Amino acid sequence: MIPELRKAFNGQFRPDAFRTMLHSLDAVTRTHVSFAIAETPCFFPREMLEEMAAIGAELTHRLVDDPVYLARSLAAIPEAWRAADQDAHPHFLTADFGLVREPDGRLTPRLVEMQAFPSIFGFQWVLNEAYRTAFSLPSSLRCLLGGLDESAYWKLLERIIVANHDPDHVVLADVDPATQKTLPDFNVTAERLGIRIVDIAGIEPHVVESEGRVSGRIRLCYRDGRRVVPIRRIYNRAIVDELVRKQIHLRFDYRESFDVEWAGHPNWYFHVSKFSLPWLDHPAVPPAVFLSDYFKGQHQNRLPADRNNWILKPLYSFAGQGICFAPTDEQLAAIPPFQRNQYLLQQRVSFDPVIDTPAGPTNAEIRILYVWPDRGVLTPLTCLVRLGRGIMMGVDHNRGQSWVGASAALFNP
């Protein structure tokens, strides 16, 4: 994307430096990084990243500031997972973009997906610095948006994740976190902020006692050996889809009100998600229709005439599970009518393979990572990039290839 930097990197690339970088990532994260890391960072013009960040922020505000939309998206949350005590806005947000080539040759961003859920803030900082060190990249290159430096980056994350609490009473919660591919991020985050990593299935409710009396308030707790530790704030990394798919039994009910704060309230995962795409009329957003509306004959003109340019997506899934390209009438009809409101038909967009690598031109999906502090503003912090040459960007669609996987976005200030 910045031709002189791209050419210089490709010409000076050394496999031994990359292998050393991978070993350093394992050492810094105190575990093996099991997902694919690309051999290269990406060099983007700062203005392009800022344009994507501005689009993601604009679209987020359209949704969060629309009471009609919020009421509809709240009603769409499965009743068993409609959590109490929702905050006024999400604390975390990601917006994924690809780049398309316009007829006049310009590259413009197209939204892939938005999700009000944390991404790998901790690991991404480590990866950015690993590329810089391993390949002796120019010190002038930046990876943080908005003029932030390392200190400001971590202070913002601490403000949202820990707030004003004793870190001993703040937990990062996920499903069996020790087995998650994102464990490297968990370890970096927990170490930098001094918080605990816990299995959400081990969180249990306890009635609060005050001056020897039972107050009636229920507090969530975790166990540290024989010690029962009250939780003041939960950095929520548990995805409801996984809880359902793995049939995880929780000891508390999302619908109950507890004496606890959420850093990333569970409801926002549903509010700002693929569910929002049909509500967004914007040049950067490919048209989308709920499958239930499609069968009712509504909004069908939003989709291109060529069925090869359609994608069928489940609303709530992760890692690209359940996506169907160019769905046939039979495949659409096979989805039971009572489930069709949980699926989306969307225009498929062909992204331009803008990253020139020794393995050939490669697609880049750029994820803008935002935070939104209480009594603060929605703020883009940094970018995560995924490189791929398969039909999708996930690992399963790029297996056995080189110069693909997780990467970083670096830019000149």
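Just so you know, we're using the numbering used here here: the sequence shown kicks off at 117 and counts up by one. Note that the Cβ used here is the ideal one computed from N, Cα and C, for glycine as well. The structure displayed is predicted, hence computed values, not measured ones.
| Check | Outcome |
| --- | --- |
| Valine 391 and alanine 192 closer than 8 Å at C-beta | The question names valine, but residue 391 in the sequence shown is phenylalanine. Closer than 8 Å, so yes. |
| Extent of the continuous alpha helix (DSSP H) run through glycine 238 | 237-250 |
| Glutamate 218 - DSSP class collapsed to helix/strand/coil | coil |
| Aspartate 181 versus serine 252: straight-line alpha-carbon distance, rounded | 45 Å |
| Between the CA atoms of glycine 238 and isoleucine 311 - distance to the nearest angstrom | 13 Å |
| Endpoints, the alpha helix (DSSP H) within which phenylalanine 406 is located | Premise fails: phenylalanine 406 lies in the beta strand (DSSP E), 404-406, not in any alpha helix (DSSP H). |
| Distance between beta carbons of isoleucine 319 and alanine 289, contact taken as under 8 Å | 6 Å |
| Spatial neighbours of isoleucine 316 in its chain, beta-carbon cut-off 7 Å, leaving aside the 5 residues before and after | Ala289, Asp290, Val291, Ala354, Leu366 |
| For glutamine 458, the first and last residue of its enclosing beta strand (DSSP E) | Note, glutamine 458: premise wrong, no beta strand (DSSP E); not H, not E. |
| Cβ-based neighbour list, aspartate 301, same chain, cut-off 6 Å, excluding 5 preceding and 5 following | Ile236, Gly238, Phe239 |
| Three-state class that DSSP yields for alanine 124 in the structure shown | helix |
| Pair within 8 Å by beta-carbon distance, valine 376 and aspartate 284 | no |
| Distance between valine 216 and arginine 226 (C-alpha atoms, nearest Å) | 7 Å |
| For glutamine 202 and asparagine 383, believed in contact at Cβ under 8 Å, the rounded distance | 5 Å |
| CB of proline 452 within 8 Å of CB of leucine 428, strictly | no |
| Which listed residue (Gly516, Arg361, Phe151, Phe213) has its alpha carbon closest to that of alanine 170 | Phe213 |
| Residue from Lys412, Arg135, Arg258, Tyr410 with nearest C-alpha to alanine 525 | Arg258 |
| Three-pair Cβ contact test at 8 Å for the segment 240-250 versus the segment 138-157 | yes |
| Own chain, CB closer than 6 Å to valine 286, minus 5 neighbours either side, in chain order | Val278, Ile311, Arg349 |
| Closest Cα partner of alanine 124 within the set Val487, Leu494, Thr473, Ser523 | Thr473 |
| Where tyrosine 92 sits in the DSSP three-state scheme | This structure cannot speak to residue 92, because the chain is shown only from 117 to 529. |
| Nearest-angstrom beta carbon gap, tryptophan 488 and histidine 207 [assumed within contact, 8 Å] | 6 Å |
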